[in-house]
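Q: Same order as they appear, the protein sequences are chains A and B.
Residues 1 to 368 (the working numbering) make up the first sequence, in order.
Residues 1001 to 1358 (the working numbering) make up the second sequence, in order.
Note that CB positions come from ideal geometry on N, CA and C, so glycine has one too.
Since we're looking at a predicted model, the values are computed, not measured.
Attaching a single structure in structure tokens format; questions to follow.
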Amino acid sequence: MTPLTTALLRRLSEAAGGPGNEGAVRDLIARALHPHVDALHIDAMGNLTAIKRGRGEGDLRVALTAHMDEVALFITEIDSNGLLHVAASGGVNARTLAGKGVLVGPEQLPGVIGWPPPHLQRHNNDESKRVPKIEDLVIDIGAADKEAAAARVKIGQQALFATRFGFLGRDQAVAEEAPLPQKGRIKGKAFDDRLGCAAAMALLMGPALPCDLHAIFTVQEEVGVRGALAAAEMLAVDLLLVLEGTVCDDLPGPVDEPRFPTTRLGDGPALTQRDGSYVVQAAVLQHLLRTAAAHGIPYQFKHPNAGGTDASGFGRYRATPTGILSTPCRYIHGPVAVAELGDFHALIQLLRAVLADEAALARLVGRS
Amino acid sequence: MPLLSFLRTLSTAHGPTGGEGAVAEIAAQLLAPLCDEVTIDPLFNVIGRKQGQGPEPRPQLMLMAHLDEVYALVAAVEGPFLRLTQTHADYRLLVGQEVIVLGRRPLAGVIGDRPPHLMAAEERQRMPRLHDLVVDLGRDAAEVAAWVSPGDVVLVDRPFVELQGRRVTGKALDNRAGVSVMLATLQHLQDQPHACDLLAVASVGEELNLLGAHTASFRLRPDLAIVLDVTFAEQPGADKDKTFPLGGGPVLGIGPNLHPRLGEALAATAARLELAHGLEPLPANSGTDAWAVQVAAGGRPTALISLPIRNMHSPVEVADLADLEGAARWLAAFIPEVDAAFLAGLAYQLPTFDEAPA
């Protein structure tokens, strides 16, 4: 039974945590982990490390890592009409921005990203097919003028999608404080990478494992794995497992455009062989595959593609053996993502199976 | 009930063109305590009647605001996914949008986009085409096939939210804002005598072909009518000369679609109230129910009061409650001026002739 509740996953998804502004997410994770771990540290970048001592004899140390930040809009200007001008912090999908609701700044002020009425637009020309530039979009918080807006919002604050966590395709209500259901589709924002955070938390909140378990919740992944780079030098572990909410594009495409989905929803956690910034060592990948097969845990390969994870940051200084495990998430870097709880739970099951077998781990990292 | 509550209740109700049943029942419930009688006609036009205190025959004044909202349609069911067709709104706003599919039962869904990580630079620079979008219901193909058919309506699922000041945002403020002003006007008139009989009509079909306005005004044959709808508020990307400042007051239409003397009388009332308002020149079709009402059953003197909103036909329309309240105050002050003599003054007169016709 998972120690995660629906309420905890909701709070993780709905918490505001743009790059460099992860405080609310960090506080939430630290409070939830505090009763379950032996130590909590925050470094100069804002990365949060939790340590849970193993019950085994050995001194094997394994780290899980997931990033706390999410892509965000960054307030760059308040104009004379009280409208907020923005730039992207991280790879926001600009095609999804217009006509969405956002929450601005620490007060979480509601706002909307406007779009001129179609009646006043020229149709079917090149302009209408082009994606609006983010710098041409504005957030309207209802302020009548610059003074009214500046009283509530400051330049440098962030705006995040006002998306509520929920279940999709489910007809029965879910009890918020009950354990997260085992199956079913969930929708919400910031699944990249709050699902990774939640998976690491599930391990730390569960029973002690043979090895020492470190979990590093990083900052600023979305703007260039900044948190991981800073934490990498200090990280002295035998194995690092990077947990992600990753791209999933298993949608039917246009007939004239054949596609090869990177991952598929419902096919199990995705194991990375290589991505745009990291090649997983063959021994680590084989260990994950063998463990999954031995326990009958479904998995899929994430097809090699662009994109990267904190693995590239952590791998920069120490040659720590590193694996990358992800929950596939449709529509990430937009207002609302969709994931399958079965994939998420299978990822946690695989992690637990890997961490439970101390002897196999020791052989993998050459410490036996 | 404050105007804000009317608007909140109406904005979140479902009422696509041709499927106004749910929102019509809500409008009827809101109208009932403010009218002597409320009926819903076979097309789902909601008609409230409030009798005046003047001597018979009392002029029949119709207020009209449309109930229906813009929508998209299911084009095809493709396994567990839905493809879309025909949208009266800007389909580009559907990318990344949560929706409700009105199938055999309402189903929540998400219209996502491919991850930008996997797009070539060229693809990131152009919007997806309407037929590239799919609705994800989070259900398997068999369930989807059982509940959804091509032609089912897809509505955006957006909450109604209060912004800073008196501004609010939500879907379908076009034209639930107009319906809310109609309700607030009737509320003002609960303790204020008026000579004329009032017909308060929440009409269907405006976004397609003004069907409700045509049929209701043909049947009711009001002596005069005031239509309430929305117009464009100032915002980036919209021509300044076609827009009105948000919070700058309601807007009076002027042009061939509208009766000049009725408009002048409304302007005089606004001047008496010192009510800030805009003037919208409409050289031909006003693009509102007034276009149908004006020509119903021999012609009906018709006026148009519009409420400026931003982001019209988007999931995040923005209105200022001050504009809506101003419109209700305006109408509540004007309606008591309408009696038999006022109505007679609207009629076009022949010139006086020097000699009797031969």
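1. Can you tell me the Cβ-Cβ gap for A/Leu247 and B/Pro1115, rounded? I've got them flagged as a contact below 8 Å.
2. How far does the beta strand (DSSP E) with B/Gln1187 in it reach, from first residue to last?
3. Report yes or no: is there a C-beta of chain A within less than 8 Å of the C-beta of B/His1277?
4. List the whole-angstrom C-beta distance separating B/Arg1310 from A/Asp43, where the pair is believed to meet the contact cut-off of C-beta under 8 Å.
5. I'd like to confirm the pairing. Which residues does DSSP put opposite B/Ile1047 in its beta bridges?
6. Measure the CB-CB distance between A/Arg185 and A/Val338 and report whether it falls below 8 Å.
7. With a CB to CB cut of under 6 Å and the five nearest residues on each side skipped, what residues in its chain are close to B/Phe1081?
8. Please return the same chain residues whose Cβ sits closer than 8 Å to the Cβ of B/Val1360, not counting the five positions on each side in sequence.
9. Nearest to B/Glu1069 by CA position, among B/Val1154, B/Leu1107 and B/Arg1139, is which residue?
10. Identify, in the order they occur along the chain, each residue of the same chain with its Cβ nearer than 7 Å to the Cβ of A/Thr76, setting aside the five sequence neighbours on each side.
11. Given 8 Å as the limit, is there contact between the segment 1071-1081 of chain B and the segment 1135-1153 of chain B, that is, 3 or more CB pairs closer than that?
12. Could you check how far apart the C-beta atoms of A/Leu12 and A/Cys211 are, in whole angstroms? I think they sit under 8 Å.
13. Can you give, in chain order, each stretch of the beta strand (DSSP E) that sits fully within the segment 221-299 of chain A and has at least 3 residues?
14. Please name the residues in the segment 160-192 of chain A whose beta-carbon is closer than 7 Å to at least one beta-carbon of chain B, in chain order.
15. For B/Glu1037, count neighbouring C-beta atoms within 10 Å of its own C-beta (all shown protein chains included) and say buried if the count is 16 or more, exposed if not.
16. So with CB distances below 9 Å, who are the chain A contacts of B/Pro1236?
17. Spatial neighbours of A/Leu209 within its chain, please: CB distance less than 6 Å, with the 5 preceding and 5 following residues excluded, ordered by chain position.
18. Counting only beta-carbon atoms, is A/Pro252 nearer than 8 Å to chain B?
19. How long is the line joining the alpha carbons of A/Lys189 and B/Leu1183, rounded to whole angstroms?
20. Once the 5 residues before and after B/Ala1141 are set aside, which same chain residues still bring their CB inside 6 Å of it?
21. If contact is defined by three or more beta carbon pairs under 8 Å, each pair taking one atom from either stretch, is the segment 54-63 of chain A in contact with the segment 164-183 of chain A?
22. For chain A, is any of its Cβ atoms less than 8 Å away from the one on B/Leu1118?
23. Select from the segment 1308-1330 of chain B all residues with a C-beta closer than 7 Å to any C-beta belonging to chain A, and list them in chain order.
24. Counting contacts by CB-CB distance shorter than 8 Å, is A/Ala143 in contact with chain B?
25. Quick one: is B/Pro1059 near chain A, going by C-beta distance under 8 Å?
26. For A/Gly369, which residues in chain B fall below 7 Å Cβ to Cβ?
27. Under 8 Å, Cβ to Cβ, is there at least one residue of chain B near A/Val336?
28. DSSP state of B/Ser1314, grouped into three classes?
29. I'd like the list of long-range same chain contacts for A/Arg274, defined as Cβ closer than 6 Å, with 5 residues on each side in sequence excluded.
30. Does the CB of A/Lys100 have a neighbour CB from chain B at under 8 Å?
31. 8 Å is my cut-off, CB to CB: does B/Gln1086 come that close to chain A?
32. B/Ala1347: buried (16+ other C-beta within 10 angstroms of its C-beta) or exposed?
33. Would you list, in chain order, the members of the segment 320-351 of chain A that have their beta-carbon closer than 8 Å to a beta-carbon of chain B?
34. I'd like the ranges of any alpha helix (DSSP H) spanning at least 4 consecutive residues and lying wholly in the segment 146-216 of chain A.
A: In terms of the structure at hand:
1. For the record, residue 247 of chain A in the displayed sequence is Val; it is not Leu. Indeed, because the Cβ distance is near 4 Å, the residues count as touching under 8 Å.
2. Element bounds for B/Gln1187: not the beta strand (DSSP E) but the alpha helix (DSSP H), Leu1173 to His1188.
3. no
4. With 8 Å as the limit, B/Arg1310 and A/Asp43 do not qualify as a contact, their Cβ atoms being about 44 Å apart.
5. B/Thr1039 and B/Val1201
6. yes
7. Val1134
8. Outside the modelled stretch of chain B, which goes from 1001 to 1358, sits residue 1360 of chain B, for which no answer is possible.
9. B/Val1154
10. His85, Val86, Ala87 and Ile155
11. yes
12. About 25 Å separates the two Cβ atoms, so there is no contact after all.
13. 239-248 and 270-272
14. Leu168, Gly169, Arg185 and Lys187
15. exposed
16. Asp79, Asn81, Leu83, Gly114, Pro116, Asp136, Leu137 and Val138
17. Gly54 and Leu355
18. yes
19. 37 Å
20. Gly1079 and Pro1080
21. no
22. yes
23. Arg1310, Asn1311, Met1312, His1313, Ser1314, Pro1315, Val1316 and Val1318
24. yes
25. no
26. Within the shown structure, residues of chain A are numbered from 1 to 368, placing residue 369 of chain A beyond reach of any answer.
27. yes
28. coil
29. Pro304
30. yes
31. no
32. exposed
33. Arg330, Tyr331, Ile332, His333, Gly334, Pro335, Val336, Ala337 and Val338
34. 146-150 and 191-205
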